[in-house]
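Contents: one structure, followed by commentary.
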Amino acid sequence: MALETLQRDGFLTARLDDVINWARKNSLWPMPMGISCCAIEMMATASPRFDISRFGSEVMRFTPRQCDVMIVAGTVTYKMSKVVRKIYDQMPDPKWVISMGACASSGGMFRSYSVVQGIDQFLPVDVFVAGCPPRPENLLHALIELQKKVATERTVGSLLHREPLYIPERPQEIEASKSANAGNGAGAAL
Amino acid sequence: MNQLIIDRLQAQFPSSIRGSEEFRGDLTVTVRTADIVAVAKFLKEDPALAFDMIIDICGVDRLRDTERFEVVYTLYSLAHKQYLRLKVLASEETPVVPSVTAVWPGANWHERETFDMFGIKFSGHPDLRRLYMPEEFEYHPLRKDFPLMGIPDSLPLPRR
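Top line first, the protein sequences correspond to chains A and B.
Per this note's numbering, the first sequence starts with residue 25, numbered consecutively.
Per this note's numbering, the second sequence starts with residue 3, numbered consecutively.
Now the structure itself:
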């Protein structure tokens, strides 16, 4: 009854979750964590030919305080992992992570003592992008997938407490967490 | 030119030169470890040689019982357009080589890299810290007995 009156007066009604999620998913400001060659493709994604601004993500912010999604584009070494994590920690909630390319997702061709074999060992990754480096279309696809995920998140009830819907776990990590040194995946990929 | 280098070094340092070899025109001179600074200084300051540029300093792990490590210096003479390779040897028990930073300041980071990767110490170096690996790392990754995928838990990751 009341709703009908509102609609007759020119108002639309929706769930608050849907409205907030709609606003969030269409203004995902990236933190361009360009660490190596994948960053070139990330820059190409921002160029007019591929035009990431079609998805509301053209605002590459170089301060983590203004970012929603961190695009980790490149090889992450153990020495760099502390820096990446520090910048991620400085981003305000809610925040998401795209792991761009083979190196960030799995260590890629750098099967070596110095390269982290997948950034999901120290970051909660939302979307992995395959490729070495991925095409810009590939990164845009990851962004669209992330938008789908953001659209389905529960927002109002968890404004203070964001829990990721899905954290990829690796068998080695599960094994590592069973043993005494839980949470430390440094040598787990051996 | 190569013969000139050998002749002048032999005349100046008869007891410091352990040997030399030539491969396709490239001369390699092996020097007694304790005398590397004096030889380097002479090679740089002698006008007939004038090796004024240090191209690279690297380490080699031969993984043998005596004198396990080699340090290889690649020099270049801008005046004579001539390359020269110097080698010194170091043992596993006391892997110490005198630093040549006083002769070529550009040797600073090359020696830090060699120290980082092989654990060869350069005595007299002004700032012998690791170059690549985190400072708290305990191992030297380019040694032949270091496993390719590293030592478990030697490089801590941030907590997820």
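Each residue gets a CB set at the ideal place from its N, CA and C atoms; glycine is no exception.
Item, Value
"Neighbour flag for aspartate 131/B against chain A, beta carbons, 8 angstroms", "The residue asked about is misnamed: residue 131/B is arginine in this sequence, not aspartate. Output row for arginine 131/B: interface = no."
"Leucine 65/B: contacting residues in chain A (beta-carbon distance under 8 angstroms)", "Within 8 angstroms Cβ-Cβ: nothing; leucine 65/B doesn't reach chain A, min ~18 angstroms."
"Classification of methionine 94/A by the beta-carbon crowding that lies within 10 angstroms, buried from 16 upward", "buried"
"Proximity test, Cβ basis, 8 angstroms: lysine 103/A and chain B", "yes"
"Whole-angstrom distance between proline 143/B and alanine 210/A, CA atom to CA atom", "Confidence at alanine 210/A is low in this model, with a pLDDT of 48, below 50, so its placement is unreliable and the value that follows should be read with caution. So the alpha carbons of these two residues sit roughly 16 angstroms apart."
"CB contact flag (phenylalanine 2/B, arginine 131/B, <8 angstroms)", "Given a span of 3 to 162 for chain B in the structure shown, any question on residue 2/B remains unanswerable."
"Residue burial classification, arginine 66/B (beta-carbon count within 10 angstroms, cutoff 16)", "exposed"
"Beta-carbon contacts of glycine 21/B that lie in its chain and below 6 angstroms, excluding the five residues immediately before and after", "Thr32"
"Chain-ordered residues of the stretch 142–169 of chain A with a beta carbon less than 9 angstroms from chain B", "Asp144, Gln145, Phe146, Leu147 and Pro148"
"Host alpha helix (DSSP H) of glutamate 113/B (start-end)", "109–120"
"Closer than 7 angstroms at the beta carbon, the chain A residues around methionine 119/B", "What methionine 119/B touches in chain A: nothing, since even the nearest Cβ is about 11 angstroms away."
"Bridge-paired residues (DSSP) for cysteine 127/A", "None; cysteine 127/A has no bridge partner."
"The ligand ADP heavy atom lying under 7 angstroms from the CB of methionine 67/A", "Looking at this structure, you won't find the ligand ADP or any other ligand, since it has none at all."
"Beta-carbon gap between tryptophan 233/A and glutamine 90/A smaller than 8 angstroms", "In the structure as shown, chain A starts at 25 and stops at 214, and residue 233/A therefore has no counterpart that could be examined."
"Option in Lys106/A, Gln145/A, Val108/A and Gly155/A with minimal Cα separation from methionine 124/A", "Gly155/A"
"Within 8 angstroms, strictly: CB atoms of lysine 46/B and aspartate 54/B", "yes"
"According to DSSP, residues forming a beta bridge with isoleucine 122/A", "Ile95/A and Val151/A"
"Inter-stretch contact at 8 angstroms, needing at least 3 Cβ pairs: the stretch 47–67 of chain A / the stretch 78–86 of chain A", "yes"
"Coarse secondary structure for glycine 211/A, derived from DSSP in three states", "Because glycine 211/A sits at a pLDDT of 46, beneath the cut-off of 50, its placement in the model cannot be relied upon, and the point is left open."
"Residues that DSSP places opposite methionine 57/A in a beta bridge", "Val96/A"
"For alanine 63/A and arginine 39/A, the rounded distance between their alpha carbons", "38 angstroms"
"Residue-level contact to chain B via CB, valine 140/A, 8 angstroms cutoff", "yes"
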